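J.: Below is a structure I'd like to ask you about.
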Amino acid sequence: MSPLHIDHATASAAFLGELDAFVAAVGSVSDHDLLAASRCHGWAVVDVVVHVRTGLQDMLGGAVTPSTSPPDTDAASYWRKDVPSTDDAADTVDGILWTRRTASPIDGPPARVAHLRAAADAVRSAVQRMPDGPVAFHGHVLASGDFLATWAVELAVHHLDVRLGPPTAESLRLGRLTVETLAGAAFPPTWSDAGCLRTGAGRRDPSPAGATLAATMPVLG
459 MSPLHIDHAT
469 ASAAFLGELD
479 AFVAAVGSVS
489 DHDLLAASRC
499 HGWAVVDVVV
509 HVRTGLQDML
519 GGAVTPSTSP
529 PDTDAASYWR
539 KDVPSTDDAA
549 DTVDGILWTR
559 RTASPIDGPP
569 ARVAHLRAAA
579 DAVRSAVQRM
589 PDGPVAFHGH
599 VLASGDFLAT
609 WAVELAVHHL
619 DVRLGPPTAE
629 SLRLGRLTVE
639 TLAGAAFPPT
649 WSDAGCLRTG
659 AGRRDPSPAG
669 ATLAATMPVL
679 G
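One rule links them: number in our numbering = place in the sequence shown (from 1) + 458.
Below is the structure:
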């Protein structure tokens with residue numbers, strides 16, 4: 459697999475744009491809509507909100523932890539090691555139930571969205587001040603652009619999960635590039651960036667046109 463490197467300015471713009479888009483999307487719907495099923499098996503939209511909030515709180519540690527060591531992980535290979543998440547079993551039954559238990563003590567969907575906004579505000583401020591250079595995160599060292607790119611993709615995946623409008627074009631382009639790098643092959647040119655990302659994240663099966671990619675999916679963990 460070839461390395462994937464994204465420059466700091468490009469990744470920062472993609473991350474911040476998608477952060478604002480995700481927060482706006484989940485903040486624009488009714489409490490009833492937040493209880494609808496998401497594309498994450500076993501999770502309602504509000505559970506995805508809680509998962510993203512805990513992830514952003516975790517991400518904040520990387521955003522403020524510069525490293526003097528050279529990067530050992532890039533924007534694609536990180537997904538082969540640890541998916542950006544506070545929950546090491548995020549796609550297992552235990553992980554699904556952990557998020558639902560975490561969400562249950564919080565008073566209703568509005569409080570969960572409010573907590574997401576608070577986490578997003580803290581991360582936005584940190585990223586806007588973040589220098590271009592290596593950062594330490596989850597036992598790895600990444601260039602700051604690669605670190606931010608992984609989180610732009612993470613947010614885009616979950617934006618697709620909640621079915622509340624499209625993610626930003628920039629985050630979807632990074633998502634497609636990441637998935638194709640991990641798969642070692644380009645997706646059919648007729649596929650949209652969103653379709654590539656959903657397939658790479660295991661949210662849909664490859665179509666007949668992409669049948670040769672089926673054995674490699676999902677690639678985002």
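Ideal Cβ positions, reconstructed from N, Cα and C, are used throughout, including at glycine. Predicted model only: the values in this text are computed from it and were never measured.
1) For H499, which three-state DSSP category applies?
2) Which of helix, strand or coil does DSSP assign to F595?
3) Please classify I464 as buried or exposed, where buried requires at least 16 neighbouring CB atoms within 10 angstroms.
4) Can you name, in chain order, every residue of its own chain whose Cβ lies under 8 Å from the Cβ of P563, other than the five neighbours on each side?
5) Within 10 angstroms of its Cβ, does R587 collect 16 or more other Cβ (buried), or is it exposed?
6) DSSP three-state label for L600, please.
7) Determine the contact status of A601 and P592, defining contact as a CB-CB distance below 8 Å.
8) Between A578 and L477, how many whole angstroms is the CB-CB distance? I'm expecting something under 8 Å.
9) S460 to A614, Cα distance in whole Å?
10) Just grab the DSSP bridge partners of P567 for me.
11) Does the Cβ-Cβ distance between V611 and P529 come in under 8 Å?
12) Is A561 helix, strand or coil when you go by DSSP?
13) Can you tell me whether S629 is buried or exposed, with buried defined as 16 or more other CB within 10 angstroms of its CB?
14) If A652 sits next to L671, beta carbons under 8 Å apart, how far is it from one beta carbon to the other, in whole angstroms?
15) Can you list, in chain order, the residues of its chain with a C-beta nearer than 7 Å to that of A479? Leave out the 5 residues immediately preceding and following it.
16) Hey, would you say V484 sits closer than 8 Å to V637, going by beta carbons?
17) Measuring straight from C-alpha to C-alpha, what distance separates R559 and A494?
18) Could you please give me the residues that DSSP links to T531 through a beta bridge?
19) Suppose contacts are defined by Cβ-Cβ distances below 8 Å. Is V507 in contact with R570 by that definition?
20) In terms of alpha-carbon separation, which member of G623, G603, T468 lies closest to P524?
21) For A470 versus L606, is the C-beta distance shorter than 8 Å?
22) Answer with buried or exposed for P567, where buried requires no fewer than 16 other C-beta atoms within 10 angstroms of its C-beta.
23) Alpha carbon to alpha carbon, how far is R575 from V585? Give it in angstroms, no decimals.
T.: Per the coordinate set shown:
1) Taking the first residue of the sequence shown as position 1, residue 499 is located at position 41. If DSSP states are grouped into helix, strand and coil, H499 belongs with coil.
2) As a first step, residue 595 is located in the sequence shown; it is residue number 137 there, counting from the start. Strand.
3) Residue numbering aside, residue 464 sits at position 6 when the sequence shown is read from its first letter. Burial call: buried.
4) Mapped onto the sequence shown, residue 563 falls at position 105. Residue confidence is low: P563 scores 49 on pLDDT, short of 50, so the model does not pin down where it sits. Its coordinate-derived value is still stated next. Taken in chain order, the list of residues that qualify is empty.
5) Within the sequence shown, the letter at position 129 stands for residue 587. Exposed, because fewer than 16 other Cβ atoms sit within 10 Å of the Cβ of R587.
6) Here the question's residue 600 lines up with position 142 in the sequence shown. L600: strand per DSSP, three-state reduction.
7) For the purposes of this step, residue 601 is taken as residue 143 along the sequence shown, with counting starting at 1. For the purposes of this step, residue 592 is taken as residue 134 along the sequence shown, with counting starting at 1. Taking 8 Å as the Cβ cut-off, A601 and P592 qualify as a contacting pair.
8) Taking the sequence shown and counting its residues from 1, the one referred to as residue 578 is at position 120. Taking the sequence shown and counting its residues from 1, the one referred to as residue 477 is at position 19. A578 to L477, Cβ: 6 Å. Contact.
9) Within the sequence shown, numbered from 1, the residue matching residue 460 stands at position 2. Within the sequence shown, numbered from 1, the residue matching residue 614 stands at position 156. Answer to the nearest angstrom: the Cα atoms are 22 Å apart.
10) Mapped onto the sequence shown, residue 567 falls at position 109. Looking at the DSSP assignment, P567 forms no beta bridge with any residue, so it has no partner.
11) Counting from one through the sequence shown, the residue named residue 611 turns up at place 153. Counting from one through the sequence shown, the residue named residue 529 turns up at place 71. No; because the gap between Cβ atoms is not below 8 Å, this pair is not in contact.
12) If you number the sequence shown from 1, residue 561 lands on position 103. Note on A561: pLDDT 49, under 50, position unreliable in the model; the coordinate value appears next. Looking at A561 - three-state DSSP - the assignment turns out to be helix.
13) Locating residue 629 in the sequence shown gives position 171, where the first residue counts as 1. Counting Cβ neighbours within 10 Å, S629 comes out buried, since at least 16 surround it.
14) As a position in the sequence shown, residue 652 is number 194, starting the count at 1. As a position in the sequence shown, residue 671 is number 213, starting the count at 1. Not a contact, Cβ separation roughly 16 Å.
15) The count along the sequence shown starts at 1 and reaches residue 479 at position 21. Spatial neighbours of A479 in its own chain (CB-CB distance under 7 Å, excluding positions within 5 residues in sequence) are listed in chain order as H617, P625, T626.
16) Position 26 of the sequence shown holds residue 484. Position 179 of the sequence shown holds residue 637. Against a cut-off of 8 Å, the Cβ pair of V637 and V484 comes out as no contact.
17) As a working note, residue 559 is residue 101 in the sequence shown. As a working note, residue 494 is residue 36 in the sequence shown. No answer about R559 holds up, because its pLDDT of 48 lies below 50 and its placement is not dependable.
18) Position 73 of the sequence shown holds residue 531. Answer by DSSP bridge pairing, in chain order: L600.
19) For the purposes of this step, residue 507 is identified with residue 49 of the sequence shown, where counting begins at 1. For the purposes of this step, residue 570 is identified with residue 112 of the sequence shown, where counting begins at 1. A contact, by the Cβ cut-off of 8 Å.
20) As a working mapping, residue 524 is identified with position 66 in the sequence shown. Considering only alpha carbons, the answer is G603.
21) As a position in the sequence shown, residue 470 is number 12, starting the count at 1. As a position in the sequence shown, residue 606 is number 148, starting the count at 1. This sequence places Ser at residue 470; Ala is not what is there. Yes.
22) Counted from its first residue, the sequence shown places residue 567 at position 109. Flag for P567 reads buried.
23) Counting from 1 along the sequence shown, the entry for residue 585 is found at position 127. Counting from 1 along the sequence shown, the entry for residue 575 is found at position 117. When rounded, the distance between both Cα atoms is 15 Å.
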